[in-house]
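Contents: one structure, followed by commentary.
Printed below as a string of structure tokens:
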């Protein structure tokens, strides 16, 4: 629990910083510029998944195992080969992006008002973001998880805030609608250079390690399709709006999607567990894996519920803080939150399937759900506008995660979901609904939000403690020592 709390604390600090950044981006810079930024983050992440080709999963699954087993020579050979492949992919992609006609882009995946400068920055930013992501995956692989999150949650976001403010006040005419996008690219570049400089001694020591040739498996391509398909399932809403709506509409919806994604600070504990899944399975410690899996997911539930339920119940007030026009996305925010709950509260079951030898099953899941979600997005937008694409996204995410839970039970003979999570969710929802009914309003919006969040959290904590007391349990105390003892044995 302590490690999960530390990781969640870093993520929470990043969330608070990100919240401040969103305020600056939408209230100071503008909704249209924010919409371009949402377009950039969506497509740069998609392109990054393509460029990495599933090797991020390979790093965590195979290389983390080599690292834990101290097979450093094999580790270096494999990692070097992955880095070279991804670098070549990024270089070729950037060249092709510069040669792609703007008319083709406007007639396919982008709206007719896409600027050439925006596309060029998206292409360059995708290459930098790929390198940024690769560094993070390597840090996770070598068990430097906290450092990975400090990099992405604190350093990058702080640089983004400073860069955007500098560009806004001194180079606004130069960058125009691309002002936030340019700030993001500069921030990625500085963060990468900073980490290479700070780790230069470790890099020198790493380069002195003698390489031992090993054969890289082809399983990364399965991981690639799974990762890409699942990401598309969660991003088709913004892709659809980027094609058919204006940048301001995308900005309004994008803020709701961003607030929803901020609730993911609690699932950093999953990152701590994922590199160890292969080790559990290889040693046939399935009972121990199930126990730790439930523990990590329960921790995520406990940490995330106050924020998720607050946003669910106080969606209008939360969006009003950014501006009255953003209240239009309140129902979309609620719908997206419901979909996210099925991911946060069921856990990384996809990693169980992939590491347990059932990656092809998960790939079939992702293809079927992707096609369904794409169809629902088109129909949903025609019927209900951006509320319809939010519904489609939540349905896709929900079905994907329910399938994984069922298949983990069938193929691995474990049921990693704890029914108590449902009870905790109902307790938190009841607490915040009660606060909403009393409507504590000191007259200042930010004080109202803070006061209602604190009161709701306190009530939820009291009710949850009472529930566990009746069960004769202490929901903070975990059984980690017993699990680690069995692993060592």
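Numbering (our numbering), first residue to last: 6 to 494. Glycine included, every Cβ here is placed at the ideal spot set by N, Cα and C.
Can you give the Cα-Cα distance for residue i and residue j, rounded to whole angstroms?
i, j, result
"residue 480", "residue 349", "Note that residue 480 has pLDDT 45, beneath the 50 cutoff, so the model's placement of it is unreliable and no number is given."
"residue 183", "residue 248", "18 Å"
"residue 144", "residue 87", "15 Å"
"residue 490", "residue 175", "Bear in mind that the predicted position of residue 490 carries a pLDDT of just 46, short of 50, making it unreliable; the figure below should be weighed with that in mind. In a straight line, the C-alpha of residue 490 is about 58 Å away from that of residue 175."
"residue 19", "residue 462", "20 Å"
"residue 333", "residue 465", "28 Å"
"residue 294", "residue 278", "9 Å"
"residue 209", "residue 54", "29 Å"
"residue 387", "residue 393", "8 Å"
"residue 470", "residue 432", "10 Å"
"residue 230", "residue 441", "43 Å"
"residue 246", "residue 29", "23 Å"
"residue 106", "residue 434", "50 Å"
"residue 164", "residue 190", "10 Å"
"residue 22", "residue 269", "14 Å"
"residue 83", "residue 353", "25 Å"
"residue 233", "residue 68", "21 Å"
"residue 214", "residue 181", "48 Å"
"residue 381", "residue 235", "15 Å"
"residue 428", "residue 474", "14 Å"
"residue 170", "residue 179", "14 Å"
"residue 56", "residue 220", "21 Å"
"residue 79", "residue 205", "21 Å"
"residue 408", "residue 368", "12 Å"
Would you mind giving the Cβ-Cβ distance between residue i and residue j, rounded to the nearest angstrom? I have them listed as a contact below 8 Å.
i, j, result
"residue 185", "residue 42", "4 Å"
"residue 261", "residue 337", "5 Å"
"residue 370", "residue 405", "6 Å"
"residue 49", "residue 130", "5 Å"
"residue 344", "residue 410", "Actually they do not touch by this definition, with Cβ atoms about 15 Å apart."
"residue 211", "residue 303", "Between residue 303 and residue 211 the Cβ distance is about 37 Å, and since that is not below 8 Å, they are no contact."
"residue 447", "residue 454", "No, residue 447 and residue 454 are not in contact; Cβ-Cβ is about 10 Å, not under 8 Å."
"residue 72", "residue 147", "6 Å"
Of all the options the options, which has the alpha carbon lying nearest to the alpha carbon of residue i?
i, options, result
"residue 3", "133, 426, 28 and 395", "Absent from the model: residue 3. The displayed extent of the chain is 6 to 494, so no value can be given."
"residue 33", "326, 268, 436 and 415", "326"
"residue 342", "368, 119, 246 and 397", "397"
"residue 265", "447, 245, 239 and 80", "239"
"residue 468", "311, 120 and 284", "311"
"residue 347", "286, 422, 199 and 281", "422"
"residue 275", "98, 191, 356 and 203", "356"
"residue 292", "414, 89, 218 and 92", "414"
"residue 306", "449, 236, 430 and 455", "430"
"residue 89", "100, 60, 72 and 103", "60"
"residue 252", "443, 44, 285 and 472", "44"
"residue 360", "47, 161, 138 and 282", "282"
"residue 103", "116, 124 and 93", "124"
"residue 17", "443, 228, 267 and 117", "267"
"residue 47", "263, 372, 195 and 452", "263"
"residue 372", "227, 161, 162 and 384", "227"
"residue 162", "116, 452 and 194", "194"
Tell whether a beta-carbon distance below 9 Å holds between residue i and residue j.
i, j, result
"residue 128", "residue 197", "no"
"residue 412", "residue 358", "yes"
"residue 52", "residue 134", "yes"
"residue 36", "residue 242", "no"
"residue 172", "residue 319", "no"
"residue 363", "residue 420", "no"
"residue 126", "residue 119", "no"
"residue 321", "residue 217", "no"
"residue 97", "residue 58", "no"
"residue 237", "residue 375", "yes"
"residue 140", "residue 200", "yes"
"residue 254", "residue 391", "yes"
For residue i, which residues of its own chain have a beta-carbon under 6 Å away from its beta-carbon, when the five flanking residues on both sides are left out?
i, result
"residue 494", "Low per-residue confidence applies at residue 494: pLDDT is 42, beneath 50, and the placement is therefore not dependable, though the value from the model is reported in the following sentence. Nothing meets the Cβ criterion."
"residue 166", "26"
"residue 323", "316"
"residue 256", "36, 39 and 40"
"residue 3", "Outside the shown range of the chain (6 to 494) lies residue 3, about which nothing can therefore be said."
"residue 168", "188, 191 and 192"
"residue 476", "none"
"residue 132", "95 and 99"
"residue 138", "53"
Short of 8 Å in beta carbon distance, which residues of its chain neighbour residue i, apart from the five on each side in sequence? Order them along the chain.
i, result
"residue 15", "151, 154, 155, 158, 159 and 273"
"residue 366", "358, 412 and 416"
"residue 438", "318"
"residue 460", "440 and 445"
"residue 450", "322, 325 and 326"
Identify, in the order they occur along the chain, each residue of the same chain with its Cβ nearer than 7 Å to the Cβ of residue i, setting aside the five sequence neighbours on each side.
i, result
"residue 328", "31 and 32"
"residue 122", "183"
"residue 259", "39, 40, 43 and 243"
"residue 335", "320, 321 and 324"
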